[in-house]
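Written below as structure tokens is the structure these notes are about.
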Amino acid sequence: MNYIGIDIGGTNLKAGLVDEDGLLLAVKTMKIREVSDPDALTDTLVALTRELAQEGGVPMEEIASVGAGVPGVVDIRTGSIVYTCNLPLRNIPLRKLFKRRLGLHLYVENDANCAALAEFHAGAGQGSKRFVTITLGTGIGAGIIHNGKIFHGGNGMAGEVGHTCIDYQGLPCPCGRRGCWEQYASASALKRFTAQAQLGNPDSILARVIREHDGHVSGQSAFMAARLGDPVGQQVCDMYVGYLAAGIANVVNIFQPDTLAIGGGVSNESDEQLLHPLQQLVERETIPCSAGKKTRIVKAQLGNQAGIIGAALLGKKKRI
Numbered sequence: 360m361n362y363i364g365i366d367i368g369g370t371n372l373k374a375g376l377v378d379e380d381g382l383l384l385a386v387k388t389m390k391i392r393e394v395s396d397p398d399a400l401t402d403t404l405v406a407l408t409r410e411l412a413q414e415g416g417v418p419m420e421e422i423a424s425v426g427a428g429v430p431g432v433v434d435i436r437t438g439s440i441v442y443t444c445n446l447p448l449r450n451i452p453l454r455k456l457f458k459r460r461l462g463l464h465l466y467v468e469n470d471a472n473c474a475a476l477a478e479f480h481a482g483a484g485q486g487s488k489r490f491v492t493i494t495l496g497t498g499i500g501a502g503i504i505h506n507g508k509i510f511h512g513g514n515g516m517a518g519e520v521g522h523t524c525i526d527y528q529g530l531p532c533p534c535g536r537r538g539c540w541e542q543y544a545s546a547s548a549l550k551r552f553t554a555q556a557q558l559g560n561p562d563s564i565l566a567r568v569i570r571e572h573d574g575h576v577s578g579q580s581a582f583m584a585a586r587l588g589d590p591v592g593q594q595v596c597d598m599y600v601g602y603l604a605a606g607i608a609n610v611v612n613i614f615q616p617d618t619l620a621i622g623g624g625v626s627n628e629s630d631e632q633l634l635h636p637l638q639q640l641v642e643r644e645t646i647p648c649s650a651g652k653k654t655r656i657v658k659a660q661l662g663n664q665a666g667i668i669g670a671a672l673l674g675k676k677k678r679i
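Take the sequence shown: its letters are residues 360 to 679, numbered as in this note's numbering.
Okay, here's the thing in structure tokens:
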């Protein structure tokens, strides 16, 4: 049998067809257009499922299940999207709508949990009993694996680390709080810091790098400038890694996982610029313990495919 995983991101929909061995047979990506309307969202997911089966040369009757990763809170029992902070999705009975149209069972899960499940079985978390992934994107999510299973907490909302506070009088967050970690350490926050630094330093190498990319500010801009010896770019990188380390230290102090992996586009930066200084800061900020018991801070290994593979694995692993 085959499985389909769909990753509903803040700006993109990514989907993949996966076989019994976890091999991706076909992948499709599309921009998010209309998600606020439940029927429009469901129609899009159904269309993606049909297109992937066709591209992979797989009859629909050989699709065992479909999984969808969502950037927010889901009810895994009913397959409903309860709430998302960065998309207008509220109380959508996605499984019910999907099955009514296509007749296939749909597993719905938080997207960071999907990424964690994929990394645990096929990536950076292999061999760990307690594993956490931190996904840096439009917001910040976490997936927590304990003894091989996704940890959901008593109400299914565990892992919303992006909405833990690192400055209670800090920046406002769409969730209603102030000072949420994702306002300082998400990819969106990095872009904002970079844009502010560019405006304040129009003659810097950072500003030149952005101009050379048609004025586009990306999560890579500051790191690129820093590699060219720009103190402005380096200042942005140092500030960002500091904020990232502050939140990761909180996660380590609370959960004490064997391994913690960071994923998302930002994690692709060089070890010298991101991972090594991050490891040093987390080491300094976490509760001391014996060398053999320390949490390993690593990069996720499956890249943009983690959410897809993890969503597909929901059905294969018979989560519910």
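Virtual Cβ for every residue (Gly too), placed ideally from N, Cα, C.
Nearest-angstrom Cα separation, counted from residue j out to residue i
i    : j    : result
I613 : G662 : 26 Å
L558 : N627 : 26 Å
I679 : R436 : In this predicted model, I679 has a pLDDT of only 37, less than 50, meaning its place in the structure is not dependable; the value taken from the coordinates is given anyway. Cα to Cα, I679 sits roughly 8 Å from R436.
V520 : I365 : 22 Å
V433 : N514 : 10 Å
K508 : C473 : 11 Å
S563 : R586 : 13 Å
D398 : S577 : 33 Å
T497 : S547 : 5 Å
L463 : F457 : 7 Å
Cβ-Cβ distance between residue i and residue j below 8 Å
i    : j    : result
L619 : T654 : yes
E379 : G426 : no
L383 : L372 : no
A374 : L400 : no
L404 : K387 : no
A671 : A665 : no
I367 : D470 : yes
N361 : E414 : no
G538 : L530 : yes
8 Å contact criterion, which residue i and residue j should meet: CB distance rounded
i    : j    : result
E478 : G486 : 12 Å between Cβ atoms; not a contact.
L565 : V591 : 5 Å
I525 : A605 : 5 Å
G381 : A501 : With a Cβ gap of about 23 Å, G381 and A501 do not count as contacting.
Proximity winner among the options, relative to residue i (alpha-carbon distances)
i    : options                   : result
L476 : F490, H464 and Y466       : F490
Q632 : I668, A581, G623 and C648 : A581
L640 : G381, Q664 and N609       : N609
Y599 : R570, S545, N472 and R567 : S545
P452 : I440, E420 and V576       : I440
C444 : D402, K488, G535 and H511 : G535
6 Å Cβ shell around residue i - same chain, five flanking residues per side excluded
i    : result
V595 : F552, T553, A556 and A581
L673 : G426, Y466 and E468
Y543 : Y602
Same chain only: Cβ atoms within 7 Å of residue i, ignoring 5 sequence neighbours per side
i    : result
V657 : A483, T618 and A620
Chain-order list of residues whose beta-carbon lies under 8 Å from that of residue i (same chain, five-residue window excluded)
i    : result
N560 : A566 and V591
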